[in-house]
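Colleague: Input: one structure, supplied below.
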Amino acid sequence: EVLDAPRQGGEIAEPEAAGWRDVAYRTEHRFVLVPRSLTIARIEPLRVRADVDTWLVDAESATVLWHAVITAVNPHAPSGAAVDVYEAALEDAIDAAAATMAGRLARIARTGRDE
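For the sequence shown, our numbering assigns the number 1000 to the initial residue and increments by one for each residue that follows.
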C-alpha cells in the first residue's frame, strides 16, 4: 500500500517507497499532503470534534517530513433544521481542523518548528 509510512516520520521502507516515488512521477508533484484518516466524534448534541491524521510526504525521496493528528471542534453550535444542523456541525469541525493544519504548516515553513 502506497500510504504505509513510518509512525513518526522519516524514510519509508521498500516496497512502499517505490509506490511513493511512482506517485511523484505520475503526478509531477514532489510533496503530498495526505489525510490518512478522519475521525468524527459528537461531544455534545451539536458540538462535533474532528481528528485528522495528517502526513506530509516527500514522495520523490519517499520520506515522511511531518506527521500530526489535528484536532478541532466546531466553534459554535449551528442553527437550522434538524437534518441540516448535524451536517453543518460536521462541516464546521472539518473546516476548523483544516484551518488548524494550514496554520501549523505555515508555522513550520516560517520557523522550521511545529510548536
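For every residue, glycine included, the Cβ atom is placed at its ideal position computed from N, Cα and C. Keep in mind that this is a model prediction, so the values were computed, not measured.
Can you name the residues that DSSP bridges to Leu-1037?
Modeller: According to DSSP, which records beta bridges pairwise, Leu-1037 is partnered with Val-1051.
Colleague: In whole angstroms, give me the CA-to-CA distance for Pro-1014 and Val-1056.
Modeller: Computed Cα separation, rounded: 16 Å.
Colleague: Just tell me which of Ile-1011, Ile-1042, Ala-1017 and Ala-1012 has its CA closest to the CA of Leu-1089.
Modeller: It is Ile-1042.
Colleague: Between the alpha carbons of Val-1054 and Leu-1064, how many angstroms are there, rounded?
Modeller: In the sequence as displayed, the identity of residue 1054 is Trp instead of Val. Using only the alpha carbons, I get a separation of about 8 Å.
Colleague: Quick one: is Glu-1010 near chain B, going by C-beta distance under 9 Å?
Modeller: Looking at the structure shown, chain B is missing, and only one protein chain is on hand.
Colleague: For Ala-1058 versus Thr-1110, is the C-beta distance shorter than 9 Å?
Modeller: No. Outside cutoff.
Colleague: Under 9 Å between the Cβ atoms of Ala-1101 and Ala-1049?
Modeller: Not closer than 9 Å, so no.
Colleague: Could you name the residues of the same chain whose beta carbon sits closer than 8 Å to that of Arg-1046, not counting the 5 residues immediately before and after it, in chain order?
Modeller: So the qualifying residues of the chain are Val-1072, Asn-1073, Ala-1076 and Ala-1088.
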